[in-house]
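For the sequence shown, position 136 matches number 140 in the working numbering, and the numbering has no gaps at all.
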Amino acid sequence: MPNLLKYLLFVCFFEGASVMAVELIGAKLIAPWFGTSLYVWTSVLGVSMLGLATGYYLGGYWSRRQHHARQLQILLLLSTVFIAIMPISAELVLASTQLMDVRWGSLISALVFILPPLVFMGMVSPMVIRYCAAGKTQTGHTAGLVFAASTVGGVSSVLLTGFYLIPVWGLYDTPWLFAGLMLGTILIVQRVNKNMRTPSK
């Protein structure tokens, strides 16, 4: 299982990278409509923390079921979809909230297109930890590695997305890159699951 854990840590790395990308992209999508004031960033950060906290709780609850690989792939697929449609969903909701007060408008908008992908991505880490626990790996050590990989991915993503991707690729193409990364993690989970089912010789 330790070798398979390395593959799952890549999943956590890309999940952490996508989480921070969603936050940055979300804030930039809101900016043309409501600006970049303290109220806007409060809404983005508050909704982001709410989404992750909800995801952690639901992921821990859902991990008690069987078929961990299939559940994990479903979460990654849902994350992929919601990241990919962020620019479209943002434009639709912001057009409806643009006349609201900046606090309520930015908050409601963030709840619509930032919250969903973060909830599903927040569920990934507990699922990975439980997946590894099923393989007899030390849970505490695994949890530390999972959150470290996710955090390193987030730090890398903040710098890459803020300094290069958004300025060069723009707000409509950058989400597709991270959606592609999340789609790739589904293949990683599939390979891990296949190796776990294959008896060692």
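All residues carry an ideal CB built from backbone N, CA and C; glycine is no exception. Because the structure is a prediction, the values reported are computed rather than measured.
Practice item. Sort L185, W66 and G30 by Cα distance to A20 and report the nearest one. Key: One detail in the question is off: residue 20 reads as Gly in this sequence, not Ala. When only C-alpha atoms are compared, the closest one is L185.
Practice item. Would you tell me roughly how many angstroms separate the C-alpha atoms of M127 and A73, rounded to the nearest one? Key: 13 angstroms
Check your understanding: Would DSSP call Q77 helix, strand or coil?
Key -> helix
**Study point:** Contacts around S204, its chain only, beta-carbon distance under 8 angstroms, and the 5 residues preceding and following it disregarded
**Key:** Bear in mind that the predicted position of S204 carries a pLDDT of just 46, short of 50, making it unreliable; the figure below should be weighed with that in mind. Taken in chain order, the list of residues that qualify is empty.
Point to revise | Run of the alpha helix (DSSP H) containing R68, from where it starts to where it stops | key: R68: not part of any alpha helix (DSSP H); DSSP gives it neither H nor E.
Practice item. Output yes or no for whether 8 angstroms exceeds the beta carbon distance between M131 and Q75. Key: yes
Point to revise | Cα-Cα separation between I133 and L103, rounded to whole angstroms | key: Here the alpha carbon of I133 sits roughly 44 angstroms from the alpha carbon of L103.
Exercise for review: Using alpha carbons as the reference points, say which of G144, V159 and I87 lies closest to L181.
Suggested key: Comparing Cα-Cα distances from L181 to each of G144, V159 and I87, the minimum goes to I87.
Exercise for review: Spatial neighbours of L191 within its chain, please: CB distance less than 8 angstroms, with the 5 preceding and 5 following residues excluded, ordered by chain position.
Suggested key: none
**Study point:** Q194 (DSSP reduced to helix, strand or coil)
**Key:** helix
Exercise for review: Can you say whether F167 is buried or exposed, counting buried as having 16 or more other CB atoms within 10 angstroms of its CB?
Suggested key: exposed
Exercise for review: Count the other C-beta atoms from every protein chain shown that fall within 10 angstroms of the C-beta of W37, then say buried if there are 16 or more, exposed otherwise.
Suggested key: buried
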